[in-house]
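Novice: Please find one structure pasted underneath; my questions will follow.
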Amino acid sequence: MTSKSDEYKTGVKIITGLYILKILKNGPAHGNKIATEIKERTQDLLTPNPNALYPLLRRLEEDGYITGEWDNPGTRSKRIYTITDAGSSLILVLEDKVKENFAQRERKIAILREDLQLY
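According to the numbering used here, the residues represented by the sequence shown are 13 to 131, in order.
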């Protein structure tokens with residue numbers, strides 16, 4: 013049985029993954045640039061923690077949705093990520109998951125709004 017906390021974390025990972033792929037659809041980027049863009053685009057609603065972002069980037073890379081190359085292999089200073097064809101296809105799948113997640117939350121909010129008479 014999954015807890016509410018686990019469901020929330022999974023939802024955030026899916027949304028963050030979708031942001032990563034959509035950002036990379038516009039061109040290659042390194043982790044800090046991705047984190048900054050997510051923060052800016054969400055008006056600080058999502059502020060990816062490096063301890064969560066980089067494992068997610070690694071997982072997307074291991075699963076073949078993105079590729080990563082060191083900008084300077086000798087120093088390994090920045091890893092530049094690029095979306096793959098599989099990653100582009102995954103965008104549609106994640107969009108559907110996020111839409112359903114949002115719809116569920118909106119239904120719950122509607123119940124609370126109705127019950128509390130907050131129109």
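Heads up, the beta-carbon is just placed ideally off N, CA and C, and yes, glycines get one too. Remember, predicted model here, so these are calculated numbers, not experimental data.
1) In chain order, which alpha helix (DSSP H) runs of at least 4 residues are fully inside the region 57-82?
2) Excluding the 5 residues preceding and the 5 following S89 in the sequence, name in chain order all residues of the same chain whose CB lies nearer than 8 Å to its CB.
3) Between the Cα of S100 and those of G86, E19, Y93, K37, spot the shortest distance and give me the residue it belongs to.
4) Can L102 and Y77 be called in contact, C-beta distance under 8 Å?
5) So the alpha helix (DSSP H) R88 belongs to, where does it begin and stop?
6) So who's on the other strand from A115, going by DSSP bridges?
Specialist: So, from the data block:
1) 62-74
2) W82, D83
3) K37
4) yes
5) It is not in any alpha helix (DSSP H) - R88 carries neither H nor E in the DSSP assignment.
6) According to DSSP, which records beta bridges pairwise, A115 is partnered with nothing at all.
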